[in-house]
Amino acid sequence: MSQQSTFIMVKPDGVRRGLIGEIISRFERKGLTLDKIRVLTIDEDLARRHYAEHVEKPFFPELLAFITSGPVVAMQWSGENAVAVARKIMGATNPQEAEPGTIRGDYGLVVTENLVHGSDSPESAARELALFFP
Ligand code: IDP
Ligand code: MG
C-alpha cells in the first residue's frame, strides 16, 4: 500500500484543443483523487525550474516556447501508487509510440505537443508540487 501524490498538468496544446475535461476525466475514472487545481500561464523562470533536467537538451528551446505559449491546468492528484498509475494513463512521451487508450496515444501526434505532464517519481512529484502549489 503506497498512498502517493503526483503533479499532473494539462499542457497548452491540451487547453487550446478543448481537452481539459477529457484529460481530467481519465484520471477521475481511474479512481485517483483531485486535490488541487489552478490555471496559469508558465513564465520562463518557472519553465526553467520545472524542466531543470532538460535545460541543456537540444529540444529545450522548442519545449520552452511551447510550455509558455498559453495557459496550463496544474493539478495535484493522489491515490494508491498515483505517480506510476498516472504515467500509465498518459502513455509514452512520444505520442507516436504511446498506446491507443492512453491520453497521448489517443490525442497526440508529435513529441513536443504531447498534451499532458506527469511527475516521473515521488521525488519529482514533491519538487514539482512545491513549485506550482507553494
Ligand atoms: P515526459 O513528459 O514523458 O516525462 P521528458 O523526457 O521528461 O518526458 O520530456 C519533457 C517534455 O519535453 C516532453 O513531455 C515533451 O513535451 C518534450 N520532449 C521530450 N523529448 C523531446 C524531443 O526529443 N523533442 C522535442 N520535445 C521533446
Ligand atoms: Mg519528465
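With positions in the sequence shown counted from 1, the corresponding number in this note's numbering is that position plus 7. Ideal placement from N, C-alpha and C gives every residue a C-beta, glycine not left out.
Cut-off 7 Å between Cβ atoms - residues of its own chain near residue i, not counting five sequence neighbours on either side
i	result
E135	F14, H57 and S126
A105	G98, A99, R111, G112 and G115
C-alpha distance - residue i paired with residue j, whole-angstrom precision
i	j	result
E63	D50	18 Å
M16	L41	12 Å
A54	I74	7 Å
A72	E120	11 Å
A99	A91	12 Å
R45	F140	9 Å
E130	A59	14 Å
V80	K18	7 Å
F67	G77	17 Å
V117	E35	26 Å
Q10	I30	22 Å
P102	T109	9 Å
G86	R111	21 Å
K37	G28	14 Å
Residues sharing a beta bridge with residue i, DSSP
i	result
E87	Q10
R134	Partner(s): none; R134 has no beta bridge.
E45	The identity of residue 45 in the sequence shown is Arg, whereas the question assumes Glu. Bridge partners of R45: A81.
M97	Per DSSP, none; premise fails for M97.
T75	Bridge partners of T75: none, in fact.
Beta-carbon proximity check, residue i vs residue j, cutoff 8 Å
i	j	result
K43	M97	no
A93	L39	yes
D52	L122	no
A89	S32	no
Residue-level contact to chain D via CB, residue i, 8 Å cutoff
i	result
Q11	The question asks about chain D, but that chain is absent: this structure has only one protein chain.
Beta-carbon contacts of residue i that lie in its chain and below 6 Å, excluding the five residues immediately before and after
i	result
G115	P102, N121 and L122
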